[in-house]
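The sequence shown lines up with residues 24 to 468 when you count with this note's numbering. In this text, a Cβ means the ideal position worked out from N, Cα and C, and glycines have one as well.
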Amino acid sequence: MAKPAATVEDKASLDTMDLEMEDFNSASCRLIDSHYAFQNDILSGSIPSILGYKLRQMYLEQKLEDAQYHLSCDNPEHETESFRFYCRDCASKICTLCLVAHEGHDVISHAAAVEEKFDNLAGAVSQFGDIQVSLEKAMETATSRREMLVAESAAMKESISQKVSELHDRLDELREALCSGVDAAARPVLSEHDAALESWRTYKDMVRPQAEMRNDLAACLRSENLFKLEEKTRMKLIEAKRNIPSLTPPGRVRLRLRWNEKTLALLSDLEKFGEVSLEPAMDPFQRMVSFTARHVLDKAATCVEGLACCDNGNLVVSDSANLKVKVFGNDGRVVRCFVGGGHYQLAFPGDVVPVGGGCVVVCDPSDNKAVLFSENGMGRSLLPCHSCDCAFAGRDGEIGVVDSLYRTVEWLRVSPEGRLERSRPESVQLQHMGLMAKPRFGLLN
């Protein structure tokens, strides 16, 4: 068992006794110092010794106070007691009075705790030494590995550079060989092409006058045929007017005739009949026939079911065979072609009625509905009907839809919000209306 170390109080008392024995040379001086005050004549020869003694004593007292402050018990109730033991379970410094409270704990003396701490510190230091050695070995290994990688990368770089240089040389040789081969093969082709181009230029210079002459002749023939067609149509209208003078009201002419192939795009195909209401002057109608013959038929309107003239002068034609609705401009060209936009698709486009603002109403007899479209082809509103055999424009912006099954006319209109709605609560009954297979109503001003 280790011998208990001397306490701080014991060390302080021993130091004081040694000082008392060493600072005074004679026994009388030591005796006087212990019991009486020094006289001036006695102290005249030993003042430096006495001053050193006092300073030494003050230093020891201060050291003792510091030691007591740092080596006191951890228990606040035993602050004045110095610790002599160490509890491992509580990891605290305890004094003699605390032994009862720490009964059953692993308690060792202060000296043993200090020796244990020093032993643990030595072991930790030795472990740090081992760690340092292992780190040095790892650094040496990493350094050697890095040097080896640097050497390998330099060798690999040199090898790759050499291979790339060889590849470039090989590619240059192949490029020169291919270019020479292509030049040799393309030279005859280029010469033939130049010769053909020169011959074509010569031929074009020779044929150009003939082509211009042929185009002028074709234009003359078309103009002559068109004039004959207009004249023939005008004569038929005049003849029909003379044959049925009693059926027309004063100031108006009402005709019913079968149209030929040229007027197919205007009202209907060869198997359909048309009903046209005209002013007495024939010029507007002749212009419309001329316009239709020149432009509408050229755009392959296979089966025209209805047409309408919008406010801006565009002509809207529904082609039931191709399931399309075409918009023609004033020059006769197709502005756009649509079948329906958004959720308003058409299964069989029929009659077309303009309603103003660039909008048209297209009837779909297959689905029995009338759809309001803007001129760009986007659907705006849909309204189901009993039957959409025929549609025409009425007064005050109303639209009449003829139902041949129930012999009625249903009136529709466009609301200010741009929606298609019914304008009258009841339909108009036509007791004596006789309709053909596909009637046509049109108005030309």
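Here ASN353 is near GLY336, since their CB atoms are less than 7 Å apart. A Cβ-Cβ contact shorter than 7 Å links VAL384 with LEU395.
With respect to the C-alpha of ALA124, the residue from GLU100, GLU253, GLY381, PHE151 having the closest C-alpha is GLU100. At the C-beta level, ARG403 and GLY441 come within 7 Å of one another. DSSP, read as helix, strand or coil, puts ALA331 in strand. The beta carbons of TYR109 and HIS133 sit closer together than 7 Å. The beta-carbon distance between CYS411 and CYS386, rounded to whole angstroms, is 4 Å. This is short enough to meet the 8 Å contact definition. In the structure shown, the three-state DSSP call for PHE106 is coil. Per DSSP, reduced to three states, the secondary structure at ARG359 is strand. Taking C-beta separations shorter than 8 Å and ignoring five residues to either side along the sequence, the partners of PHE106 in its chain run LEU94, SER95, CYS96, ASP97, LYS116, ILE117, CYS118, HIS133, following chain order. Judged by DSSP in its simplified three-state form, PHE371 adopts coil rather than helix or strand. Residue pairing by DSSP places VAL385 opposite VAL375, VAL394 in a beta bridge.
Taking the C-beta atoms as reference points, ARG430 is found no nearer than 7 Å to SER446. Leaving aside the five residues that flank PRO377 on each side, the residues in its chain whose CB is nearer than 6 Å to its CB run, in chain order, ALA331, CYS333, VAL383. Taken through DSSP and simplified to helix, strand or coil, GLY402 comes out as strand. Taking 7 Å as the cut-off, the beta carbon of SER341 is found no closer than this to the beta carbon of CYS326. For LEU120, the closest alpha carbon among the candidates GLU104, ILE131, CYS113, ALA114 is that of GLU104. Our two residues, ALA207 and SER188, have alpha carbons roughly 29 Å apart in a direct line. Residue pairing for LYS347: DSSP places it in a beta bridge opposite ASP342. Look at ALA219 here: in three-state DSSP terms it is helix. As the crow flies, the alpha-carbon of VAL212 is around 20 Å from that of GLU199.
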